[in-house]
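A quick write-up on the structure given underneath.
Chains as they are written, first to last, in the numbering used here: chain A, 9 to 236; chain B, 296 to 385.
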């Protein structure tokens with residue numbers, strides 16, 4: 009495939025070279041993206057001799073941060089001046105803790121079936137990201153004792169390979185259970201929650217009160233929230 | 296951004312929250328007025344740490360709990376110094 013350098017770097021964002029760990033290349037300038045690739049190759053060359061890949065990973069990490077820097081010419085409409093805040097009602101070791109993540113987990117057999125599609129794959133979700141970004145997300149309830157092989161993830165907005173290997177990367181159930189066993193928290197809620205966070209922001213804001221009411225029904229005292 | 300809306304809603308209804316963001320989205324938490332934010336220096340999609348790195352997952356969780364306990368006002372934010380440690384799972 010031929011084309012301009014701009015075509016090349018934008019193709020990583022749901023295009024012919026789609027790789028959502030690097031979709032931010034689309035929003036970079038040609039010059040900055042070219043600098044990234046050049047430095048990447050330099051670091052690969054160095055790693056041949058040292059066996060140390062840490063600088064490659066650091067370059068990718070720092071470039072990702074740069075790629076998501078806000079554009080001052082296009083401020084987000086989702087900015088607030090107020091800072092809601094309440095104190096802990098009681099010590100953590102007496103508290104029931106809830107978990108909500110935007111990782112897109114659900115239990116096998118309880119697929120939210122976005123757009124009415126049965127068994128939508130991760131690849132299909134990535135291909136339909138434009139539709140997800142206009143849709144109201146579905147909140148999935150996940151019993152805390154769900155077996156590992158019954159916990160499914162699908163999310164068109166991020167690279168799910170790591171979370172497929174270990175759900176705890178973005179759905180930290182095991183660490184929470186360990187905190188409960190150690191007495192650091194009173195207890196972990198019986199039901200945990202997740203939704204695919206690549207969604208219409210206005211719609212998630214609208215549905216948030218109903219979600220909070222639903223989750224509050226578990227008599228939780230504090231919430232741990234994990235976006236991806 | 297999605298979690299920011301929900302965090303604000305929980306807090307406005309009297310339920311304290313702590314949210315864990317990766318560094319790339321620190322500015323999102325800041326501008327949305329997320330009540331308490333723990334930032335990890337991890338790549339996007341690996342908020343708690345690498346697959347199989349249970350030690351890091353626990354460090355992040357404990358830091359989140361500590362922030363829950365120590366914050367005195369909305370918008371509290373702490374960035375963990377630990378750099379991402381690659382996983383070894385295949």
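From the three backbone atoms N, C-alpha and C, an ideal C-beta is built for every residue, glycine too.
Asked                                                                                                                                                                                                   : Found
Is DSSP giving residue 204 of chain A helix, strand or coil here?                                                                                                                                       : strand
Cβ closer than 8 Å: which chain A residues qualify as neighbours of residue 363 of chain B?                                                                                                             : 96, 100, 230
Counting only the same chain and skipping the five closest in sequence on each side, list residues whose C-beta sits under 8 Å from that of residue 207 of chain A.                                     : 140, 141, 143, 144, 145
Alpha carbon to alpha carbon, how far is residue 374 of chain B from residue 324 of chain B? Give it in angstroms, no decimals.                                                                         : 12 Å
Going along chain A in order, which residues have a C-beta closer than 7 Å to the C-beta of residue 302 of chain B?                                                                                     : 233
Name the chain B residues whose beta carbon is nearer than 7 Å to that of residue 196 of chain A?                                                                                                       : None at all; the shortest Cβ gap to chain B is about 11 Å.
Does the distance from the C-beta atom of residue 33 of chain A to that of residue 75 of chain A stay below 8 Å?                                                                                        : yes
Could you tell me which of A:80, A:41, A:10, A:79 sits nearest to residue 70 of chain A, measuring between CA atoms?                                                                                    : A:41
Give the straight-line distance between the Cα atoms of residue 137 of chain A and residue 200 of chain A, rounded to the nearest whole angstrom.                                                       : 25 Å
Considering only the alpha carbon of each residue, which of A:106, A:85, A:111, A:78 lies closest to residue 193 of chain A?                                                                            : A:106
Which residues in chain A have a C-beta closer than 9 Å to the C-beta of residue 342 of chain B? List them in chain order.                                                                              : 109, 111, 177, 178, 180, 234, 235, 236
Among the candidates B:331, B:322, B:318, B:353, whose CA atom is the shortest distance from the CA of residue 371 of chain B?                                                                          : B:331
May I ask you to report which of helix, strand or coil DSSP gives residue 193 of chain A?                                                                                                               : coil
If you draw a straight line from the alpha carbon of residue 347 of chain B to that of residue 209 of chain A, how long is it in whole angstroms?                                                       : 32 Å
What is the DSSP secondary structure of residue 128 of chain A, reduced to helix, strand or coil?                                                                                                       : coil
Under the three-state reduction of DSSP, which class applies to residue 360 of chain B: helix, strand or coil?                                                                                          : helix
Can you find a C-beta in chain E that's less than 8 Å from the C-beta of residue 76 of chain A?                                                                                                         : The displayed structure is made up of protein chains A and B, and chain E is not among them.
Among the candidates A:174, A:197, A:173, whose CA atom is the shortest distance from the CA of residue 184 of chain A?                                                                                 : A:197
Please report the Cβ distance between residue 296 of chain B and residue 86 of chain A, rounded to the nearest whole angstrom; I am assuming they are in contact, meaning their Cβ atoms lie under 8 Å. : 6 Å
Run the CB neighbour count on residue 214 of chain A, radius 10 Å, all protein chains shown included, and call it buried at 16 or more, exposed below.                                                  : exposed
Examine the ligand GTP and report whether any of its heavy atoms sits within less than 7 Å of the Cβ of residue 337 of chain B.                                                                         : Inclusion of the ligand GTP in the displayed structure is not the case, the ligand content being empty and no account of it being possible.
Answer with buried or exposed for residue 113 of chain A, where buried requires no fewer than 16 other C-beta atoms within 10 angstroms of its C-beta.                                                  : buried
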